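Peer 1:
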Amino acid sequence: ELHFFYQTDTLSQNWERLPEYTKKHFEMAGSLFGKYPYKQYSVIQGGDGGMEYAMCTMITGHRKLPSLVGVTVHEAMHSWFQHLFAFNETKYAWMDEGFTSYASNIIEDKLFNTNKFNPHYGSFSSYKRLVDLEMQEPLTTHSDFYTRNGSYGVSVYSKGALFLSQMEYIIGKPTFDKAMIRFYKEWKFKHPKPIDLLRIFEKESGLELNWYLEQWIGTTNTIDYSLKSVKPEGTGTSVILERLGNMPMPVDVYVEYTDGKIEKFNIPLRIMRGVKKEDFNGISNKQLESWPWTYPEYKLMIDVAPEKIKSIEIDMTMRMADIDRDNNSYPEKENPVTFPFTGK
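Take 14 as the starting number for the sequence shown in our numbering and just add one per residue.
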């Protein structure tokens with residue numbers, strides 16, 4: 014049962030529409046992350062901003078409908094991340110707020126049919142700003158010991174959300190979805206730590222993923238891959254990829270040919286000890302030899318002459334948090350990606 018308590022004032026019409034969105038939210042969240050375990054949930058107008066509790070939320074009510082729905086979705090998702098799983102909120106705030114933000118991004122996109130190419134782009138933009146301002150702090154930092162409030166907020170909400178969106182990229186969306194339900198079944202009400210979630214992803218994917226947890230959570234290393242060169246070689250095309258950032262990642266390279274065909278080349282990291290089995294977009298997937306993370310460059314050979322290639326792009330889905338996407342495309346795009354606040 015859903016209950017709503019609010020004032021009947023000039024914005025009450027938004028509250029009258031809120032139940033339909035909230036009902037859909039719980040249905041979506043249940044299918045993606047596991048069934049809500051309680052008999053009821055209440056949305057209460059009150060307090061300042063929004064605050065989550067196990068079976069209710071208190072939120073300010075004078076909001077436009079998208080804002081009212083957005084804050085309700087976010088606070089209600091805390092019934093999973095933190096309450097249902099019972100994460101340690103001060104040691105692992107990025108699991109609490111970050112996973113909630115990840116889920117909220119997806120569900121809000123579906124509720125309003127915005128069909129964003131990447132619903133986590135806002136999280137990435139905030140993270141990118143933090144990098145540009147040189148204000149990053151490792152996510153292993155205890156919540157009480159961040160040196161800046163801004164660093165804390167963006168780190169746990171945005172970089173925490175990107176932990177999951179990048180995991181989608183690393184192991185593939187279908188495998189990721191299965192892993193999240195498995196995590197629910199095996200760890201609800203048991204206070205899981207980051208390593209417990211990681212082991213679920215490893216078991217479901219068959220890949221070694223310690224490197225990802227250590228790099229993304231334990232350091233401030235950044236991801237930056239580039240297409241260094243594209244040249245004819247024999248009857249084909251030689252593509253040199255370069256790792257410019259300190260954090261290694263598997264790389265998906267999308268090649269569009271002049272006949273309209275699109276092919277994806279998947280380059281796994283050697284330390285993964287395997288490859289992702291499938292992904293979500295239905296594009297043919299060609300598995301290549303693994304890339305040792307210590308090597309700064311990788312040579313990709315395409316068995317087609319350059320004149321038959323329309324474009325080449327690293328991570329066309331934009332799920333990898335590459336801090337400089339301007340060097341990810343061939344030919345270079347006329348309208349490079351820009352980010353709010355920085356212009357970079």
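Even glycine gets a Cβ: it sits at the ideal position worked out from N, Cα and C. Computed from a predicted model, the values in this text were never measured in an experiment.
Out of N294, A318, I284 and A106, which has the shortest C-alpha to C-alpha gap to E302?
Peer 2: When each option's Cα is compared against that of E302, the closest is I284.
Peer 1: Report the rounded CA-to-CA distance for H38 versus S242, giving the unit in angstroms.
Peer 2: 46 Å
Peer 1: Using 10 angstroms around the beta-carbon of H155, count the other beta-carbons present and answer buried if the total reaches 16, otherwise exposed.
Peer 2: Exposed, since its Cβ has fewer than 16 Cβ neighbours within 10 Å.
Peer 1: Tell me whether N365 is buried or exposed, calling it buried when 16 or more other Cβ atoms sit within 10 Å of its Cβ.
Peer 2: No answer is possible for residue 365: it lies beyond the span of the chain, which begins at 14 and ends at 357.
Peer 1: With a CB to CB cut of under 8 Å and the five nearest residues on each side skipped, what residues in its chain are close to I208?
Peer 2: L226
Peer 1: Going residue by residue through the segment 230 to 315, where are the continuous beta strand (DSSP E) segments of at least 3 residues, counting only ones entirely within it?
Peer 2: 238 to 246, 249 to 256, 264 to 270, 275 to 280, 298 to 300 and 310 to 315
Peer 1: Do L152 and G135 have their C-beta atoms within less than 8 Å of each other?
Peer 2: no
Peer 1: Thinking V252 and I213 are a contact (beta carbons under 8 Å), I'd like their distance in whole angstroms, please.
Peer 2: That belief does not hold up - the Cβ atoms of V252 and I213 are roughly 35 Å apart, past 8 Å.
Peer 1: Across which residues does DSSP place G63 in a beta bridge pair?
Peer 2: I72
Peer 1: For Q58, list the residues DSSP reports as bridge partners.
Peer 2: For Q58, DSSP records a beta bridge to I72.
Peer 1: Within 10 angstroms of its Cβ, does N341 collect 16 or more other Cβ (buried), or is it exposed?
Peer 2: Buried, because 16 or more other Cβ atoms sit within 10 Å of the Cβ of N341.
Peer 1: How long is the line joining the alpha carbons of L257 and W306, rounded to whole angstroms?
Peer 2: 12 Å
Peer 1: Specify the secondary structure class of D22 as computed by DSSP and reduced to three states.
Peer 2: coil
Peer 1: Measure the CB-CB distance between L282 and P261 and report whether it falls below 8 Å.
Peer 2: yes
Peer 1: I'd like the span of the beta strand (DSSP E) that includes K201, first residue to last.
Peer 2: Run containing K201: none; DSSP gives neither H nor E here.
Peer 1: Please classify H133: does DSSP put it in a helix, a strand, or coil?
Peer 2: coil
Peer 1: What are the residues that DSSP puts in a beta bridge with E210?
Peer 2: The residue asked about is misnamed: residue 210 is Leu in this sequence, not Glu. Paired residue(s): none; L210 is not in a bridge.
Peer 1: I'd like to know whether the C-beta atoms of I236 and G47 end up nearer to each other than 8 Å.
Peer 2: no
Peer 1: So what does D335 bridge to, in DSSP terms?
Peer 2: I236
Peer 1: Quick one: using the 10 Å Cβ neighbour count with 16 as the cut-off for buried, is Q95 buried or exposed?
Peer 2: Buried, since its Cβ has 16 or more Cβ neighbours within 10 Å.
Peer 1: Could you say which of H75, L24 and K312 lies nearest to G60 if we only look at CA atoms?
Peer 2: H75
Peer 1: Residue ranges of each alpha helix (DSSP H) run of no fewer than 4 residues wholly in the segment 113 to 196, ordered along the chain?
Peer 2: Listed in chain order, they are 134 to 145, 162 to 167 and 173 to 184.
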